[in-house]
Ligand SMILES: Nc1nc2c(ncn2[C@@H]2O[C@H](COP(=O)(O)OP(=O)(O)OP(=O)(O)O)[C@@H](O)[C@H]2O)c(=O)[nH]1
Ligand SMILES: [Mg+2]
């Protein structure tokens, strides 16, 4: 039975609403329209003009796209609203995913564009899984034509819950000039940068309205038996009941309403805000969803994002889930101290304004909570609150190697990297001890580009970038017995070490092993560890230039000198033994092969297969992706060298929606032209 009336009273108090959606759908423009409409900015800026609140950072302006989360608080009809403008590019998805747990509702900004449906599906999926109330805002209506009538057909495939058309467009000639709100049963014409005007609902529009309204009610009735009866008996349900159902079914995530408009002209924005005001849940319900009990006065806050301002200060952007917190509040996160708040700030993009304590439901910046991390649940009480969510970043898919151009910047680079990782958990920093490279792993080309730009712009480190080196190895195909002898007589104390090594190839994956087979003390016991060390030294750079693996070396014979022998001399002898022996053992290059799993919309599967084959991949097969209608998983083994920029091609073959994960599988012998080129390149570099 429908919980009639339960929702008749709208939520009051602060709201936190995320603007999400596929790449370039108009989220930042919509934020700008909202801020202008609610008086937070005097004039609506534009993305093209580079003067929006959302894309104010240098990197966002340079690339004309959002590259991180922007937070802006405004006021609408007496309540504070904080909007979270999330980047649409999948490469920056972590900034979106990390905020979702703590929002009241998401406005999913989308377009009538078939190519963006797969991306829309990915985003709706996140929201569905986290049970977050969501509504679609069909943007760029100024560019739409009569095809807009098909909007539900186009978009429904992306949503697992029923879409409900809340508005239908009205036309003046070919151009959409207004809309009818199907719940209010009222027609409006758009006015540029001003509220829409009510006009008479009559003629052909009135007929279309009746049909569309009926189908909206039918969908609502799926979750309301009483409404179903009324529809069957041809009774007009009261308007309040319709609003109650819309509200309840939105809040319970049973339906996903679709509103429309043109963000650049602020058309449809006021209706959107009113829908949020009346229908979106407030903090009470959101806290309930997260299992935060309002009992007691202890503050609980969720960290949406961590920023380091140019002036060095750390800012944790949080949503207050319970209680109140201000200057001096001390937080814990799990078993750890998180730190003490040194200032509470209201945020409107890059503008920050010091303010008083933050109340439950508000979204604010806390300065200098030293150890707070994005995604943490902070609590001020004696007992830590259990984490309300845990959002792991997607595994990284692309890497670059970087170093400071000037040695003197090494320390600065290290500090800057720490800050970068703190701000963006979807970047992973790996120090490769073998090559002394710092490797940045990220979500794509633009992601890594922006990361390195920030290292330069914000932290002033001039960088060099390279392709990260591939983990080649080499091994031997046949064995040998080889003497290694080190003898020096240069006046005074000499050096003497002499060993005979039996070198044998071993199966793939066995690494290196050493065996002492000395009998009769021909090499004194105490020197034997040094012999092994010398061999290990020698294996670091084999005859082809790479670390040598999969071999067994036995020390079978040797000799010593009572005065001239030393650890050092035996270590050198061991090294000489392998250095002279290995070239005669038919050395061969080994390359790492990874197991990759690519997920993609089914229509792209053939293209993915082709591009894997083109990259020396061995395709193991493909399957439908479990729980994902219209998606496949392709499995293949491909060389590490070919994974390099695989993501770039996968994305271009899948309109940005495909991705992959990989893990090391085995080392494989590589011969022929490719191998020769790799070996030659290594020699040239050395
Ligand atoms: N014609 C038209 N263009 C729009 C509308 N809204 C946004 N745009 C344009 O679409 C482009 C992308 O707008 P943004 O607001 O940056 O889109 P976004 O969703 O924030 O983009 P990302 O954050 O990079 O995903 C810009 O060129 C906007 O001017 C609209 O309603 N109509
Ligand atoms: Mg944007």
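Residue numbers (this note's numbering): 1 to 686. By construction, the Cβ of each residue, glycine as well, lies at the ideal position given by its N, Cα and C atoms.
Can you tell which of 84, 489 and 612 has its C-alpha closest to the C-alpha of residue 347?
Along the chain shown, read from residue 1 onward, the residue named residue 347 stands at position 347. Checked all of 84, 489 and 612; the closest Cα to residue 347 is 84.
Problem set entry | Spatial distance of residue 351 from residue 46 (CA atoms) | As a working note, residue 351 is residue 351 in the chain shown. As a working note, residue 46 is residue 46 in the chain shown. If I take the Cα positions, the gap works out to 17 Å.
**Asked** With residue 267 and residue 190 assumed to form a contact (beta carbons below 8 Å), what rounded beta-carbon distance in angstroms separates them?
**Response** Walking along the chain shown from the start, residue 267 turns up at place 267. Walking along the chain shown from the start, residue 190 turns up at place 190. Going by Cβ atoms, the distance from residue 267 to residue 190 rounds to 4 Å, so yes, they are a contact pair.
Ligand 1 heavy atom lying under 7 Å from the CB of residue 173 | The sequence position of residue 173 within the chain shown is 173, counting from 1. Not under cutoff, so the answer is no.
Exercise. Does any C-beta atom of chain C lie closer than 8 Å to the C-beta of residue 671?
Worked result: Chain labels in this structure do not include chain C; a single protein chain is all it has.
Which first and last residues belong to the beta strand (DSSP E) in which residue 693 is found? Only positions 1 to 686 of the chain appear in the structure, and residue 693 is not among them; the question remains open.
* Report the residue ranges of all alpha helix (DSSP H) runs contained in full by the stretch 86 to 151; include only those spanning at least 4 residues, in chain order. => 93 to 97 and 117 to 129
Check this for me: beta carbons of residue 281 and residue 133, under 8 Å apart or not? Taking the chain shown and counting its residues from 1, the one referred to as residue 281 is at position 281. Taking the chain shown and counting its residues from 1, the one referred to as residue 133 is at position 133. Yes. Within cutoff.
Thinking just about the alpha-carbon of each residue, which of 113, 200 and 125 is nearest to the one in residue 147?
Locating residue 147 in the chain shown gives position 147, where the first residue counts as 1. Looking at the Cα atoms, 113 is the closest of the given residues.
According to DSSP, is residue 658 part of a helix, a strand, or is it coil? Indexing the chain shown from 1 puts residue 658 at position 658. It is coil, neither helix nor strand.
**Study point:** Heavy atom of ligand 1 within 7 Å of residue 657 beta-carbon
**Key:** As a working mapping, residue 657 is identified with position 657 in the chain shown. No, ligand 1 has no heavy atom inside 7 Å of this Cβ.
- Message: Assuming the contact rule is C-beta atoms closer than 8 Å, residue 687 and residue 334 should be a hit. Round their C-beta distance to whole Å, please.
- Response: The structure shown does not extend to residue 687, since the chain is modelled only from 1 through 686, so no value can be given for it.
Margin query: Is it buried or exposed, residue 175, if we count other Cβ atoms within 10 angstroms and call 16 or more buried?
Written below: Residue mapping note: residue 175 aligns to position 175 of the chain shown, counting from 1. Flag for residue 175 reads exposed.
| field | Coarse secondary structure for residue 433, derived from DSSP in three states | value | Numbered from 1 along the chain shown, position 433 holds the residue referred to as residue 433. Note: residue 433 maps to coil in three-state DSSP.
Under 6 Å Cβ to Cβ from residue 330, same chain only, skipping five residues before and after it: list those, please. Here residue 330 refers to the residue found at position 330 of the chain shown. So the list reads 340, once near-sequence residues are dropped.
Looking at residue 264 and ligand 2, is the gap between the Cβ and the nearest heavy atom below 7 Å? The residue given as residue 264 occupies position 264 in the chain shown. Flag unset: Cβ of residue 264 not near ligand 2.
#### Entry: With 16 other Cβ atoms within 10 Å as the buried cut-off, status of residue 447
Position 447 of the chain shown, counting from 1, holds the residue named residue 447. By the neighbour-count rule (16 or more Cβ atoms within 10 Å), residue 447 is buried.
* Determine the extent of the alpha helix (DSSP H) in which residue 677 is found, giving its start and end residues. => Reading the chain shown from its first residue, position 677 is the one you call residue 677. Residues 673 to 685.
> Would the beta-carbon of residue 87 be found less than 7 Å away from any heavy atom of ligand 4?
Replying inline: Only ligand 1 and ligand 2 can be found as ligands here, which leaves ligand 4 out of the picture.
Please report how far the alpha carbon of residue 285 lies from the alpha carbon of residue 411, in whole angstroms.
Within the chain shown, residue 285 is the residue found at index 285, counting from 1. Within the chain shown, residue 411 is the residue found at index 411, counting from 1. Using only the alpha carbons, I get a separation of about 47 Å.
**Asked** Who are residue 188's beta bridge partners in DSSP?
**Response** Your numbering for residue 188 matches position 188 in the chain shown. Answer is 179 and 198, bridged to residue 188.
- Message: For residue 419 and residue 489, I'd like the C-alpha separation in whole angstroms.
- Response: Here the question's residue 419 lines up with position 419 in the chain shown. Here the question's residue 489 lines up with position 489 in the chain shown. Going by the C-alpha atoms only, they are around 55 Å apart.
So, with DSSP's three-state summary, where would you put residue 414?
Counting from one through the chain shown, the residue named residue 414 turns up at place 414. Correct three-state label for residue 414: helix.
Going by DSSP, what residues sit across from residue 555 in a beta bridge? Along the chain shown, one-based indexing puts residue 555 at 555. Answer by DSSP bridge pairing, in chain order: 501 and 516.
Margin query: Below 8 Å on the Cβ atoms is my contact criterion, and I expect residue 245 with residue 224 to pass it. Report the Cβ-Cβ distance as a whole number of Å.
Written below: One-based indexing of the chain shown puts residue 245 at position 245. One-based indexing of the chain shown puts residue 224 at position 224. That pair is a contact at about 5 Å.
Open item on the list: So, under 8 Å CB-CB, residue 470 and residue 591 are touching, yes? Tell me the CB distance rounded to an integer number of Å.
Closed with: Position 470 of the chain shown, counting from 1, holds the residue named residue 470. Position 591 of the chain shown, counting from 1, holds the residue named residue 591. Going by Cβ atoms, the distance from residue 470 to residue 591 rounds to 7 Å, so yes, they are a contact pair.
Unbroken alpha helix (DSSP H) run spanning residue 582, endpoints: The residue you call residue 582 lines up with position 582 of the chain shown. Segment: none, residue 582 is in no alpha helix (DSSP H) and carries neither H nor E.
Contact shell at 5 Å, judged by CB to any heavy atom of ligand 2, ordered along the chain | 27, 28 and 66
Requested in this report: Examine ligand 1 and report whether any of its heavy atoms sits within less than 7 Å of the Cβ of residue 696.
Outcome: Given a span of 1 to 686 for the chain in the structure shown, any question on residue 696 remains unanswerable.
Check your understanding: On the three-state DSSP scale, how would you describe residue 234?
Key -> As a working note, residue 234 is residue 234 in the chain shown. Coil.
>> Looking at residue 88: is its Cβ nearer than 8 Å to the Cβ of residue 27?
In response: Taking the first residue of the chain shown as 1, we reach residue 88 at position 88. Taking the first residue of the chain shown as 1, we reach residue 27 at position 27. Closer than 8 Å, so yes.
First and last residue of the beta strand (DSSP E) that includes residue 474?
Taking the chain shown and counting its residues from 1, one reaches residue 474 at position 474. It spans 473 to 476 - the beta strand (DSSP E) in which residue 474 sits, taken as one unbroken run.
Could you compute how far the alpha carbon of residue 570 sits from the alpha carbon of residue 587? In the chain shown, counting from the first residue as 1, residue 570 sits at position 570. In the chain shown, counting from the first residue as 1, residue 587 sits at position 587. In a straight line, the C-alpha of residue 570 is about 25 Å away from that of residue 587.
request  = Confirm the yes/no value for this check: CB of residue 46, any heavy atom of ligand 1, distance under 7 Å.
outcome  = Counting from one through the chain shown, the residue named residue 46 turns up at place 46. Residue 46 Cβ: within cutoff of ligand 1.
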